[in-house]
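**Student:** Numbering (our numbering), first residue to last: 4 to 752.
The beta carbon of each residue, even a glycine, is placed where N, CA and C say it ideally should be.
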């Protein structure tokens with residue numbers, strides 16, 4: 004049987020081979036026909052509009068230099084399109100060497116590469132050391148046109164479209180598309196984004212070693228991330244890239260050795276994320292309001308902001324460090340800091356919490372935009388309003404226990420509605436005191452009187468003109484406003500204090516300098532806009548008071564943290580009931596700085612003076628900022644006392660004799676009694692809206708006169724005893740009549 008088979012095969016093998024070949028040929032034709040018919044049924048995308056295809060480009064936010072990227076607003080894709088000529092030749096060559104070394108010779112697909120990749124993947128399982136089977140052209144089609152599925156139909160479409168694309172675009176154009184769109188890890192797409200994120204430079208400026216690293220990433224961007232745990236594999240992949248470049252004659256032996264031995268440092272990973280997060284989100288809200296969400300995701304805006312990133316970094320460090328200390332010492336979980344340029348309204352620094360990423364303190368909540376009670380930090384606006392009406396820092400007010408509500412008896416100490424009788428922070432009263440010392444020492448009673456004299460509505464209008472946007476309901480507030488009864492924003496307060504710094508001129512707040520499109524065309528550019536909103540001399544008077552170290556010494560001491568011996572720096576603290584908020588606002592002629600400490604939930608802190616809580620961070624930042632700024636001085640205000648009423652110019656007794664004569668040994672008791680007879684509340688001598696005008700014909704017509712006068716006479720009786728009673732007995736035509744010795748007067752019925 005075996006012999007028979009061999010003989011038969013010898014005679015007929017040629018016929019079998021011929022028949023088999025025919026069958027194979029026919030089968031191949033049938034398979035090819037079926038394949039062609041199947042391919043013909045596929046919906047192949049049209050490449051005629053390839054160059055006009057929709058490519059999302061991120062809106063990016065930069066600091067004021069336009070060099071430091073703060074954030075990319077498109078959360079899914081970070082991409083910046085750059086021309087082929089603006090990409091480093093090293094990066095182009097490195098990409099071709101490792102991804103598709105025959106890129107410039109094939110027609111869109113590379114059969115040899117496909118076979119070799121299959122063999123390597125099967126035998127070595129090393130995807131990091133070799134090449135994939137797809138050409139760069141195929142990867143462009145995959146990334147730009149087709150859905151990313153793993154169906155055979157997609158691979159066929161990819162091959163067909165790759166051949167078509169090679170007939171549509173030049174090789175350099177295809178490579179440019181690839182380099183601008185390939186993912187390099189996370190949300191980073193394109194070489195420009197990779198260069199900026201990893202090395203802080205443009206794609207055109209990448210070195211050979213840096214280019215080799217970037218070219219290594221597309222193979223496995225997550226695994227090979229320079230911030231992951233596989234840095235050794237990334238280094239190995241980089242060396243493979245250099246090997247390929249050397250083999251293909253793209254670099255010299257000398258360049259190869261230098262690049263291989265170069266120690267390349269990547270920027271910290273935080274740099275690839277968000278900087279100045281509260282400020283960035285503040286900017287983002289403005290952009291969305293102006294352009295809409297879709298425009299920010301697609302149009303590739305380049306937003307240049309006003310942020311000074313050097314100051315911002317230092318402020319973040321200081322707030323984090325001092326804020327952590329406050330947690331332990333004062334039970335204050337959070338803090339914020341804002342710095343602005345008074346001359347142009349630019350926001351230089353915005354730190355909205357001590358840790359943006361802390362869930363424990365709700366760190367992403369921006370305290371600089373929150374409405375909080377400012378405490379005594381509102382007082383300078385009240386005194387400024389009074390100064391515009393003709394009052395002076397010299398003007399005398401009586402710091403004595405006073406019932407401010409005309410509806411309540413003058414001797415009432417109640418603050419229950421409708422009564423209002425506040426205390427000073429230390430529970431003490433100093434008697435007659437100048438507005439200068441009262442403001443510098445943050446005394447409450449004189450401040451409430453100043454608000455009454457200046458007028459609530461006029462003061463609120465001035466505050467609004469200066470930039471306080473939230474105190475817009477005059478009917479809601481009363482005299483408690485001057486002690487922080489309203490709510491303001493730290494950002495607004497800092498801008499408003501900048502008006503004092505800028506001699507009464509308000510610069511419209513700016514946070515965006517310029518917006519450019521992808522071609523560098525300017526689509527928006529802000530201008531500095533200024534307006535005189537506060538009388539210049541009134542602003543200078545406030546600065547003069549708030550820089551007066553002698554005037555504030557009783558409160559702060561002579562060598563406090565708010566005293567700057569070499570620079571002109573004004574400052575004012577503020578705190579609210581139960582110490583829920585601690586503020587320190589301050590400024591020099593070229594920077595305004597506001598700080599806040601407290602708890603986001605408005606719970607009280609654990610004790611200590613507001614100055615101890617907030618001053619250290621304010622001072623440390625102010626020192627740093629001033630070191631970068633030129634030394635500027637506040638001009639001296641004009642104070643003309645000629646013809647001014649005694650109580651306005653600083654004499655609290657208006658009797659034809661100076662108050663200082665009370666201390667003179669040559670003054671007899673009768674003279675003293677006459678002098679004391681001229682001691683009255685300021686409402687006795689001025690019409691509050693016109694302090695420089697005539698004396699009032701009937702002081703008691705003012706509804707607050709009786710309670711204010713009662714308090715002054717009570718203090719006089721307590722201080723001067725029988726002499727005070729004698730002076731009252733000799734007075735005439737007053738609305739207040741004397742009682743027994745050492746008792747205050749009462750209203751006539």
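1) Does residue 307 come out as helix, strand or coil in the three-state DSSP assignment?
2) Report yes if the C-beta distance between residue 564 and residue 618 is below 8 Å; otherwise report no.
3) Whose C-alpha, out of 716, 704, 474, is nearest the C-alpha of residue 679?
4) Once DSSP output is grouped into helix, strand and coil, what is the label at residue 699?
5) Strictly by DSSP, which residues pair up with residue 535?
6) Between the alpha carbons of residue 473 and residue 697, how many angstroms are there, rounded?
7) Note down, one range per segment and in chain order, each beta strand (DSSP E) of at least 3 residues found wholly within the segment 323-391.
8) I need the DSSP call for residue 515, collapsed to helix, strand or coil.
9) For residue 616, which three-state DSSP category applies?
10) Is it right to say residue 646 is buried, meaning 16 or more other beta carbons lie within 10 angstroms of its own, or is it exposed?
11) Assuming the contact rule is C-beta atoms closer than 8 Å, residue 404 and residue 714 should be a hit. Round their C-beta distance to whole Å, please.
12) Please name the residue in 485, 527, 638 whose C-alpha comes closest to that of residue 543.
13) Determine the direct distance from the alpha carbon of residue 282 to that of residue 763, and round the result to whole angstroms.
14) Quick one: Cα of residue 2 to Cα of residue 508, how far?
15) Cβ atoms of residue 399 and residue 427: under 8 Å apart, would you say?
16) By alpha-carbon positions, which one of 234, 423, 401 ends up nearest to residue 411?
17) Helix or strand or just coil, what does DSSP make of residue 642?
18) Measuring CB to CB, does residue 179 end up less than 8 Å from residue 285?
19) According to DSSP, simplified to helix, strand and coil, what is residue 213?
20) Between the segment 367-376 and the segment 486-498, are three or more C-beta pairs nearer than 8 Å?
21) How about the segment 323-334 and the segment 349-364: do they share at least three Cβ pairs that are nearer than 8 Å?
22) Pull up the distance between the alpha-carbon of residue 438 and that of residue 386, whole angstroms please.
23) Does the segment 626-641 come close enough to the segment 578-588 to have 3 or more Cβ pairs within less than 8 Å?
24) Assign residue 531 to buried or exposed, taking buried as 16 or more other Cβ atoms, counted over all protein chains shown, within 10 Å of its Cβ.
25) Among residues of its own chain, excluding the 5 on either side of residue 98, which ones have a beta-carbon nearer than 7 Å to its beta-carbon?
26) How is residue 238 classed by DSSP in three states: helix, strand or coil?
27) Would you call residue 431 buried or exposed, if buried means 16 or more other Cβ atoms sit within 10 Å of its Cβ?
28) May I ask you to list the residues that DSSP assigns as paired with residue 66?
29) Please confirm whether residue 503 and residue 573 have their CB atoms less than 8 Å apart.
30) Here's the rule: buried if 16 or more other CB atoms are within 10 angstroms of the residue's CB, otherwise exposed. What is residue 735?
31) For residue 253, which of 221, 691, 95, 307 has the nearest alpha-carbon?
32) In angstroms with no decimal places, state the Cα-to-Cα distance between residue 393 and residue 694.
33) For residue 753, which residues does DSSP report across the bridge?
34) Nearest CA to the CA of residue 479: which residue from 497, 460, 351?
35) Look at the alpha carbon of residue 216 and the alpha carbon of residue 578, and state the distance between them as a whole number of angstroms.
36) Check residue 689 in the structure and name its three-state DSSP category.
**Tutor:** From the atom records:
1) strand
2) yes
3) 716
4) coil
5) 508
6) 36 Å
7) 337-343, 350-354
8) strand
9) helix
10) exposed
11) 6 Å
12) 638
13) Here the chain has residues from 4 to 752 only, and residue 763 is not among them.
14) Because the chain is modelled from 4 through 752, residue 2 falls outside the range shown and cannot be assessed.
15) no
16) 423
17) coil
18) no
19) helix
20) yes
21) yes
22) 8 Å
23) no
24) exposed
25) 182, 218
26) helix
27) exposed
28) None, per the DSSP bridge assignment.
29) yes
30) For residue 735, the predicted structure reports a pLDDT of 39, less than 50, and the residue's modelled location is therefore unreliable. A value from the coordinates is still provided. The residue in question, residue 735, is exposed, as its Cβ has fewer than 16 Cβ neighbours within 10 Å.
31) 95
32) 6 Å
33) The structure shown does not extend to residue 753, since the chain is modelled only from 4 to 752, so the question has no answer here.
34) 460
35) 54 Å
36) coil
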